[in-house]
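Chains A and B supply the protein sequences, listed in that same order.
No gaps in the numbering here: position 98 of the first sequence is 98 in the working numbering, and each next residue is one more.
All you need for the working numbering is the position in the second sequence, starting with 1, plus 305.
C-beta: ideal position from N, C-alpha, C; glycine also.
Being a predicted model, the structure only gives us computed values, none of them experimental.
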Amino acid sequence: MRTTRRTFLRASLAAAAVAQLPISLHAEQGQPVRRPIPSSREEIPIVGLGTWITFNVGNDPVLRDECAGVMAAFFEAGGRMIDSSPMYGSSQPVVGYGLQKLGRPSALFSAEKVWTSSAASGPAQIEQSRRFWGVPKFDLLQVHNLLTWKAHLQTLFQMKAAGTVRYVGITTSEGRRHDLLEQIMRNEPIDFVQFSYNVVDREAEARLLPLAKERGIAVIVNRPFRQGALTQRLKNKPQPEWAAELGASSWAQLMLKFILSHPAVTVAIPATTRADHVRENLLAAAGPLPDTAMRERISAHVKAL
Amino acid sequence: MSEWWTYRAENFLLFSPRVYWRMFELHNAALWPLHLLTLASGLIILLLVAWRPGLWTRWIALILAMLWIFVGWSFLWNRYSTINWAATYIAPAFFVEGVLLLVASLGDALAFDRRQPADGIGYLILGFALLGQPLLAPLQGRGWASSEVFGIAPDPTAMATLGVLLLARGRLLPWLLPVPVLWCLLSGMTLQTMGEPQAWAPYAALALAAAAWVWTIIRQRGSPPAA
């Protein structure tokens, strides 16, 4: 593409905007871009790996090996955070299978959830999850979908104090119960919060993302492609010419760039069954990220398609 | 679950269509050639119903009872539950249906001795479950390996049972109908949520069964009382 004064100016503005972000923008050789977890300043790659639906393959040996292949590509590309839940069917044992097959990569940042309406069953479920993963302890434990959140949060805080988990968080998805989530973010000493945010679902921009920034809470973004619906919808649509200014080679990268350009976002966790998509996702933050004007343009363009 | 009204059917779909159909491939491969036996038993049921010999009718319920328990254990409990935790709660319903059919068999509680106006629909559903349902996989490009066969997979087993119950009469019918009806509804919703065209099969079986029962009731009310 020919560099015009207009494109040069836009790229410069984008670069200037991104310079304000708390990230290691220029990835080290072979390493993806990272952002700090506010409560510890530990840096983490800004693209993780979700397991909702994609890793629920049961005992199918072929598909289990495919998942292990996705995990191998993820770690090779410098990825760290893998997120799962007891709600996701066989995803937990499949993650455990992959970790075992890959020789338990030391880079792993394990993010799990507790999901049971019984407060008393929480510790047993967490222990079962840990066995499925085959890890000594989890890096992050989250209360899934705010279920029995008060009791489970107390359990997780106690675990953190005892050193059996490093970070505590809470999750929701698809814009549910943002009022309650906001209340918890204001009143509880959580390290992470997880919710849905993408190029068309932008409710989190109003209160949750600014609040996370203000309170120093790391943000995990789930459903970055609306569970694949957005990438499916855009599959046969040509990317706009201006996407090249951001170095986005696919719709997935462009949509991830939109998410990651928000300064309050710490990690996005797209789920996929393909190793090439994992590499593509991890490369999304390389190169310039969109500035405010470009973010609006991306969102408007995708909504219009 | 909080704010349950905000959830859509997609929120409860934990697996992809690819995983779902590969599950049938693995299940079929693990049980082959048992399919020949279950299919033969289905054809025997069809012949017994058509022949209507009073002495052998309890075998119909007995065969169905064994197959419901087998499908509940082998498919729902051992296989489907690995990708859908809800299957562990559904499997006992298959066991209950099996026990009810066993009771019907022991008590000789089902009879096939009367021609009824909606018999044709019963035979249609039973015939489709035995011979039509296994063809859906190859017809949709998935190959024979993932075919759903009566007595091995839940859909044809439930549909065939619906067909049999349409052809039957007896005091246990109201107890025997709910589980096959609910399974057809659940399976149809699952397939529909996955975007699978064959969701029409369990839905059509239900619609036909409902039409048949309504027709039978109307005809019975309209017929003159026995002298």
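Closest by C-alpha distance to Leu481/B, out of Gly456/B, Ile426/B, Gly468/B and Arg524/B, is Gly468/B. With respect to Val484/B, Phe380/B sits apart: the two C-beta atoms are not nearer than 9 Å.
In the structure shown, Ile365/B falls within a helical segment according to DSSP collapsed to helix, strand and coil.
For a Cβ distance threshold of 9 Å, residue set Arg323, Val324 and Arg327 of chain B lies close to Leu63/A, ordered along the chain.
Counted as a single uninterrupted DSSP element, the alpha helix (DSSP H) harbouring Pro123/A occupies residues Gly122 to Trp133. The Cβ neighbour count for Pro461/B, taken over all protein chains shown within 10 Å, is at least 16; the residue is labelled buried.
Put simply, the CB of Ile53/A is near chain B, with a gap under 9 Å to one of its CB atoms. Here Ile184/A is near Trp149/A, since their CB atoms are less than 9 Å apart. Proximity of chain A to Ile388/B at the Cβ level (cut-off 8 Å) is accounted for by Asn56, Val57, Gly58, Gly89 and Ser90, in chain order. Between Ala248/A and Lys237/A, the C-beta spacing is not below 9 Å.
Here Ala212/A is buried. Its C-beta has 16 or more other C-beta atoms within 10 Å.
Inclusion of Asn59/A and Leu331/B in the CB contact set at 9 Å is warranted, their separation being smaller than that value. If you draw a 10 Å sphere on the C-beta of Ala434/B, you find 16 or more other C-beta atoms in it, and that means buried. Leu146/A is positioned such that its CB atom lies closer than 9 Å to that of Arg177/A. In the structure shown, the three-state DSSP call for Phe55/A is coil. The beta strand (DSSP E) runs of length 3 or more contained entirely in the region 208 to 282 of chain A are, from start to end of the chain, 218 to 222. Each residue's CA atom was taken as its position, placing Gln497/B and Ile349/B some 32 Å apart. The beta-carbon distance between Ile220/A and Ile269/A, rounded to whole angstroms, is 6 Å. This is short enough to meet the 8 Å contact definition. With distances taken between CA atoms, Ala473/B lies nearest to Ala517/B out of Ala512/B, Trp505/B, Asn316/B and Ala517/B.
Close to Phe320/B, with beta-carbon spacing below 7 Å, are these residues of chain A in chain order: Ile53, Asn56 and Gly89.
Interface annotation, Thr273/A: in contact with chain B, CB-CB separation under 9 Å. Pairing Ala111/A with Asp139/A gives a Cβ-Cβ distance under 9 Å. Interface residue (Cβ-Cβ distance to chain B less than 9 Å): Gln227/A is classified as such. Secondary structure at Gln31/A: coil, using DSSP grouped into helix, strand and coil. Taking a 10 Å sphere around the C-beta of Gly163/A, we find fewer than 16 other C-beta atoms and assign the residue as exposed. Spatial neighbours of Arg476/B in its own chain (CB-CB distance under 8 Å, excluding positions within 5 residues in sequence) are listed in chain order as Ala414. Just so you know, the alpha carbons of Arg323/B and Ala72/A end up roughly 22 Å apart. Looking at Leu230/A, Ala275/A, Leu234/A and Tyr88/A, the one whose alpha-carbon comes closest to that of Gly69/A is Ala275/A.
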